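Residue numbers (the working numbering): 1 to 176.
Using N, Cα and C, we set each Cβ at its ideal position, and we do this for glycine too.
Computed from a predicted structure; not experimentally measured.
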């Protein structure tokens with residue numbers, strides 16, 4: 001990787017090395033001839049201590065860059081936006097309070113952080129564990145598909161794919 005770059009150009013031959021063998025359809029190989037091969041960097045930032053400081057708040061990948069192995073990064077950013085915007089929308093209703101605007105903003109950010117960070121951090125942990133399983137580096141499953149598949153098929157994604165987002169909003173609002 002080049003310093004500061006998230007991608008690097010690779011040769012056509014390097015790309016095609018991943019598609020060797022008789023199991024790969026030649027039509028797919030012909031399609032790949034049209035590609036301009038690049039390799040994307042994988043970024044994973046575990047355990048951020050907070051998603052805000054003073055009047056600056058992080059959402060999406062800036063708060064919780066994740067490996068792509070659960071296909072959840074964009075959804076996590078949207079969930080962040082929903083919870084944060086819901087809490088911030090309550091700022092005008094607190095304007096009669098004796099608390100300063102800065103203190104109210106920080107309280108809103110704290111409410112957002114207290115709801116979103118645990119869920120996003122769990123997704124990060126699970127994405128890292130998924131990567132270990134995909135690359136057969138997980139200590140418990142190794143390369144044994146009879147151990148990997150049941151793990152992934154028995155509700156592994158339910159908490160991620162079927163969240164109670166309105167419940168998260170209510171929790172954040174109650175903490176604000």
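Start and end residues, beta strand (DSSP E) containing residue i
{"i": "residue 7", "result": "7 to 9"}
Pair within 8 Å by beta-carbon distance, residue i and residue j
{"i": "residue 69", "j": "residue 134", "result": "yes"}
{"i": "residue 47", "j": "residue 121", "result": "yes"}
{"i": "residue 55", "j": "residue 24", "result": "no"}
{"i": "residue 79", "j": "residue 165", "result": "yes"}
{"i": "residue 66", "j": "residue 127", "result": "yes"}
{"i": "residue 28", "j": "residue 90", "result": "no"}
{"i": "residue 146", "j": "residue 136", "result": "no"}
Where the alpha helix (DSSP H) through residue i begins and ends
{"i": "residue 79", "result": "73 to 88"}
{"i": "residue 150", "result": "145 to 153"}
{"i": "residue 156", "result": "No alpha helix (DSSP H) contains residue 156, which DSSP labels as neither H nor E."}
{"i": "residue 167", "result": "165 to 175"}
{"i": "residue 14", "result": "12 to 16"}
Exposure label - residue i; buried when at least 16 CB within 10 Å
{"i": "residue 81", "result": "exposed"}
{"i": "residue 31", "result": "exposed"}
{"i": "residue 49", "result": "exposed"}
{"i": "residue 141", "result": "buried"}
{"i": "residue 155", "result": "exposed"}
{"i": "residue 177", "result": "Because the chain in this structure spans residues 1 to 176, residue 177 falls outside the shown range and cannot be described."}
{"i": "residue 130", "result": "buried"}
{"i": "residue 84", "result": "buried"}
{"i": "residue 19", "result": "exposed"}
{"i": "residue 1", "result": "Note that residue 1 scores a pLDDT of 45, beneath 50, so its modelled location is shaky; the value from the coordinates is reported in the next line. So residue 1 counts as exposed."}
{"i": "residue 76", "result": "buried"}
Whole beta strand (DSSP E) runs in the segment 31 to 68 with 3 or more residues, listed along the chain? Assignment of beta strand (DSSP E) within the segment 31 to 68, counting only whole runs of 3 or more residues, yields 38 to 40 in chain order.
Every unbroken alpha helix (DSSP H) inside the segment 93 to 139 [4 residues or more]: Complete alpha helix (DSSP H) runs here, min 4: 101 to 134.
Counting Cβ pairs closer than 8 Å, one from the segment 4 to 21 and one from the segment 97 to 109, do we hit at least three? No, they do not touch.
Across the segment 159 to 176 and the segment 109 to 118, are there enough close Cβ pairs to call them in contact, namely three or more that are closer than 8 Å? Segments in contact, yes.
With three or more beta-carbon pairs closer than 8 Å as the criterion, would you say the segment 59 to 73 touches the segment 32 to 46? Three or more beta-carbon pairs drawn from the segment 59 to 73 and the segment 32 to 46 are found closer than 8 Å, and the two stretches are therefore classed as touching.
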